[in-house]
Every structure is written in C-alpha cells, then in structure tokens.
Amino acid sequence: MLAAVQEVAPAAAVNEDTQLIATRTIDSLSLLSLVSLLESEFSVTIRDSEILPAHFDTPLAIRAFLKSKGCR
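For the sequence shown, my numbering gives the first residue as 31, with consecutive numbering after it.
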C-alpha cells in the first residue's frame, strides 16, 4: 500500500499510520489518482460513494477498505 501512496505523492515520507488527508499528503487530485491506481492494481471497482476520508485516511485504512472489498 505504501508503494501506491508514494506513487501518487512521491515527495512524501509515508508509513502505515500517516494521516494522508489530514496532513494534506494527498489532495483531491492525488486521491483520484490513487483510486485509479488501486482499481487497476487490485482489479476492483471503487464507487464514488466509497471515496470517503475514513477509507483513505491512512495506508492501514486503505488496506482494510480493500480487504472489505475482497482484495488481498
């Protein structure tokens, strides 16, 4: 997950607990790029209604969200 986040925010120092949205590590355009990357990488569809801060706040939250969608 860290690799995906760093691909859309290459200048950021990110770990599993980094608050991505609150610290503005990713902005709205980066978030959309991240969603697109995750959809492609994990062969999953992320609906607009699922793009919530709770799902994308940290790399751990992203991992949990993807796991809830059946991704490994």
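All C-beta atoms, glycine included, are put in the ideal place defined by N, C-alpha and C.
Helix, strand or coil for GLU46? Go by DSSP, reduced to three states.
Counting from 1 along the sequence shown, the entry for residue 46 is found at position 16. The answer is coil: DSSP assigns GLU46 none of H, G, I, E or B.
Report the residue ranges of all beta strand (DSSP E) runs contained in full by the region 33 to 89; include only those spanning at least 3 residues, in chain order.
The region 33 to 89 contains no whole beta strand (DSSP E) run of 3 or more residues.
Is the CB-CB distance between THR48 and VAL35 below 9 Å?
Here residue 48 is taken as the residue at index 18 of the sequence shown, counted from 1. Here residue 35 is taken as the residue at index 5 of the sequence shown, counted from 1. For THR48 and VAL35, yes; Cβs fall inside 9 Å.
Quick test of your reading: ALA39 and ILE56, contact by CB under 8 Å. State the CB separation rounded to the nearest angstrom.
Counting from 1 along the sequence shown, the entry for residue 39 is found at position 9. Counting from 1 along the sequence shown, the entry for residue 56 is found at position 26. Right, the Cβ-Cβ distance comes to about 5 Å (below 8 Å), so this counts as a contact.
Let me know if LEU68 comes out buried or exposed under the rule of 16 or more other beta-carbons within 10 Å of its beta-carbon.
Position 38 of the sequence shown, counted from the start, is the residue given in the question as residue 68. It counts as buried.
Between THR88, THR75, SER63 and SER60, which lies nearest to VAL44 when the distance is taken from Cα to Cα?
Counting from one through the sequence shown, the residue named residue 44 turns up at place 14. Comparing Cα positions, the closest option is THR88.
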